[in-house]
Amino acid sequence: MLSVLITGANRGIGLGLVREFLKEPTVGIVIATVRILEAATDLKSIDSPKLHVVACDVTDEHSVACAVEKVAEIVGENGLDLLINNAGILRCLVLDGEVSKADVMEQFEVNAFAPLLVANKFHGLLKRAAEVKGSSQIANISSAFGSLELAMTEATNPPTIYAMSKAALNMLTRRLAYEWKADKIRATTFTPGWVRTSMGGPEAALSVEESTEPLAKLILSLTEEHNSKFYRHNGVELPW
């Protein structure tokens, strides 16, 4: 039985992924991390023995370290099979508008630094799972805005700073896939599509379920051939 950890799981894509993985018979443990436990009302309403809710501010080193200790108690000697870096933020800053260092760095901190920090702190548990079962997996939830090749075509008015932070996340995926290959830890990037969440807005093309149902199944189907690649939620490969 697989263990899965999803960051930023209190709403939107993260909450949708929690619900999908709880349905999967091959998944025995679903760990949902949230920044503020008291605010995770939707998660707390889910009645499943598989589900564990853990506090974790993904930008805070001490908080992540504490989360690692709690997750280690949950997964035991089998380690962590699947880490999904989902937590992210979007601030619509355009290059000809007001740009501040604080606004820019906030997006890089959450969208690029936090996945690096979380992956680094959970490396030991991922490595342990790979030793037990042959491999473990990191799935980074990115955006098509992060593709350099699609930067001129993906949208007429993209949120540029957000796109820059996701491009940095995409580079992290490639480096993790390369540097942790000897540990049999794979890393792959995904875009969930344009989804009707607080981030995507009410005009978005997909419901949360329409995005997360195929995305969860895709993530569970990953093999070595998918390592270091970039996919849409429906399995279509994207260029970096």
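Under the working numbering, think of the first position of the sequence shown as 99, with each following residue one higher. Using N, Cα and C, we set each Cβ at its ideal position, and we do this for glycine too.
Would Val230 pass as a contact of Asn176 if the rule is Cβ separation under 7 Å?
Position 132 of the sequence shown, counted from the first residue, corresponds to residue 230. Position 78 of the sequence shown, counted from the first residue, corresponds to residue 176. Closer than 7 Å, so yes.
With distance defined between alpha-carbon atoms, name the residue in Pro300, His324, Ser198, Glu204 nearest to Gly110.
Looking up residue 110 in the sequence shown gives position 12. Ranking Pro300, His324, Ser198, Glu204 by Cα distance to Gly110 puts Pro300 first.
Once you ignore the five residues that flank Ala303 on each side, which residues in its own chain have a CB closer than 6 Å to its CB?
Numbered from its first residue, the sequence shown carries residue 303 at position 205. If we look at Ala303 and ignore the five residues flanking it on each side, its Cβ neighbours are Trp292.
Could you pull out every residue in the same chain whose Cβ sits closer than 8 Å to the Cβ of Arg189, ignoring the five residues on either side in sequence?
Indexing the sequence shown from 1 puts residue 189 at position 91. Closer than 8 Å at the Cβ level, and outside the excluded window around Arg189, lie Asp201, Glu204, Gln205, Pro257, Ile259, Tyr260.
Tell me Ala237's beta-bridge partners as DSSP assigns them.
The sequence position of residue 237 within the sequence shown is 139, counting from 1. Paired residues: Ile182, Thr286.
Between the alpha carbons of Gly112 and Asn238, how many angstroms are there, rounded?
In the sequence shown, residue 112 corresponds to position 14, counting from 1. In the sequence shown, residue 238 corresponds to position 140, counting from 1. Rounded to whole angstroms, Gly112 to Asn238 spans 12 Å at the Cα level.
Is the stretch 126-138 close to the stretch 314-330, with three or more CB pairs under 8 Å?
Because the criterion of three Cβ pairs below 8 Å is not met, the stretch 126-138 and the stretch 314-330 do not touch.
Buried or exposed: which applies to Gly195, given that a residue is buried once 16 or more other Cβ atoms fall within 10 Å of its Cβ?
Here residue 195 is taken as the residue at index 97 of the sequence shown, counted from 1. Gly195 comes out exposed.
For Tyr329, write down the residues that DSSP places opposite it in a beta bridge.
In the sequence shown, counting from the first residue as 1, residue 329 sits at position 231. In the DSSP output, where bridge partners are listed per residue, Tyr329 has Phe288, Glu335.
Within the continuous beta strand (DSSP E) that includes Ile127, where are the two ends?
Taking the first residue of the sequence shown as position 1, residue 127 is located at position 29. Unbroken beta strand (DSSP E) run through Ile127: 125-132.
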